[in-house]
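> I'd like to ask you about the structure that follows.
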């Protein structure tokens with residue numbers, strides 16, 4: 001039987017194979033060019049993914065040995081080493097580091113996938129493999145888009161990642177959403193997604209949150225699920241918004257872009 005951890009690890013592998021192939025032949029000008037992450041060039045995004053893979057792997061290995069999380073000082077050392085790399089080194093190193101992480105995940109047997117608990121260092125308690133891998137998938141999927149959009153303004157999130165990420169970001173609204181952009185307004189929107197289909201409520205107030213689909217709404221936002229995910233993390237700028245995104249009533253994309261400005 002395929003576990004939820006298996007599905008996430010398979011999506012990570014597919015996403016890695018696609019991004020590694022994309023990066024393999026990028027010229028220096030592309031590596032130092034703009035990415036979808038406002039403050040990073042493409043090589044810096046790859047550095048983030050590569051260093052993150054090393055840190056994540058060390059965390060998994062510690063859990064397998066019954067040891068504590070390696071800690072922030074370990075992380076700082078990894079970041080400093082990647083920061084010092086040249087752009088081409090970051091590209092090559094990212095591919096190796098992430099492949100090594102995935103190979104380790106893929107080596108785990110069913111009992112370990114089910115029973116292992118991983119202390120990620122920033123959550124109140126250790127989590128299971130599916131949760132740890134899902135957090136990596138969220139980071140990987142969005143930053144993969146950051147890399148690819150430099151060459152392709154119409155890039156979208158990887159198909160295999162979208163169903164696994166849809167519905168998982170609600171808990172992040174507390175630090176992703178900038179409610180001050182509402183200037184005291186309160187709105188309830190109906191959000192209708194495709195691929196996969198879903199219907200949600202979006203409550204915009206001092207606390208921004210996903211709710212059950214409302215019986216009555218101030219407006220309606222209709223969009224592909226991958227665009228909904230990108231909106232939440234601040235990656236649905238006008239030039240990266242597909243034609244399938246439509247609004248009714250008080251659903252204002254410009255306002256939503258201000259609320260969800262990214263991280």
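Numbering (the working numbering), first residue to last: 1 to 263. Cβ coordinates follow ideal geometry from the N, Cα and C atoms, glycine included. All values derive from a computational prediction rather than experimental measurement.
What are the boundary residues of the beta strand (DSSP E) that residue 193 is part of?
187-194
> For residue 249 and residue 220, what's the separation of their Cα atoms in angstroms?
Approximately 7 Å, taken between the alpha carbons.
> Nearest by alpha-carbon distance to residue 177: which of 143, 232 and 22 is it?
It is 232.
> Rounding to the nearest angstrom, what Cα-Cα distance links residue 80 and residue 207 in this structure?
36 Å
> If you draw a straight line from the C-alpha of residue 183 to the C-alpha of residue 209, how long is it?
17 Å
> Assuming contact is defined by CB atoms lying nearer than 9 Å, are residue 140 and residue 236 in contact in what I supplied?
no
> Terminal residues of the continuous beta strand (DSSP E) containing residue 202?
Residue range 198-204 is occupied by the beta strand (DSSP E) that includes residue 202.
> Could you pull out every residue in the same chain whose Cβ sits closer than 8 Å to the Cβ of residue 112, ignoring the five residues on either side in sequence?
64 and 129
> Grab the span of the beta strand (DSSP E) containing residue 221 for me, first residue to last.
219-224
> List the DSSP bridge partners of residue 211.
201
> Mapping the DSSP letters down to three states, classify residue 128 as helix, strand or coil.
strand
> In the DSSP assignment, find the unbroken alpha helix (DSSP H) run with residue 59 in it and report its ends.
42-65
> Using a 10 Å radius around the Cβ and a threshold of 16 neighbouring Cβ atoms, would you call residue 107 buried or exposed?
exposed
> Whose C-beta lies closer than 7 Å to the C-beta of residue 62 among residues of the same chain, with five residues either side of it excluded?
Sequence-distant partners of residue 62 (beyond 5 residues in either direction) whose C-beta falls short of 7 Å from its own C-beta, in its chain, are 68, 69 and 70.
> Under the assumption that residue 137 contacts residue 127 (Cβ atoms under 8 Å), give the Cβ distance between them as a whole number of angstroms.
That belief does not hold up - the Cβ atoms of residue 137 and residue 127 are roughly 13 Å apart, past 8 Å.
> Since residue 217 and residue 188 should fall inside the 8 Å C-beta cutoff, what is the C-beta to C-beta distance between them, to a whole number of angstroms?
5 Å
> Look up residue 2 in the DSSP assignment and say whether it is helix, strand or coil.
Summary for residue 2: the model assigns pLDDT 48, below 50, so the residue's position carries little reliability, and this model does not support an answer.
> Going by DSSP, what residues sit across from residue 246 in a beta bridge?
222
> State the DSSP-derived secondary structure class of residue 34, mapped to helix, strand or coil.
strand
> Can you name, in chain order, every residue of its own chain whose Cβ lies under 7 Å from the Cβ of residue 214, other than the five neighbours on each side?
188, 190 and 201, listed in sequence order.
> Take the Cβ of residue 154 as the centre, count every other Cβ of all protein chains shown within 10 Å, and call the residue buried at 16 or more, exposed below.
exposed
> Decide if residue 260 is buried, meaning its Cβ has at least 16 other Cβ atoms within 10 Å, or exposed.
Buried, because 16 or more other Cβ atoms sit within 10 Å of the Cβ of residue 260.
> I'd like the span of the alpha helix (DSSP H) that includes residue 106, first residue to last.
For residue 106, the enclosing alpha helix (DSSP H) covers residues 87-107.
> Strictly by DSSP, which residues pair up with residue 117?
128
> In angstroms with no decimal places, state the Cα-to-Cα distance between residue 88 and residue 77.
One C-alpha to the other measures close to 20 Å.
> In whole angstroms, what is the alpha-carbon distance linking residue 30 and residue 99?
22 Å
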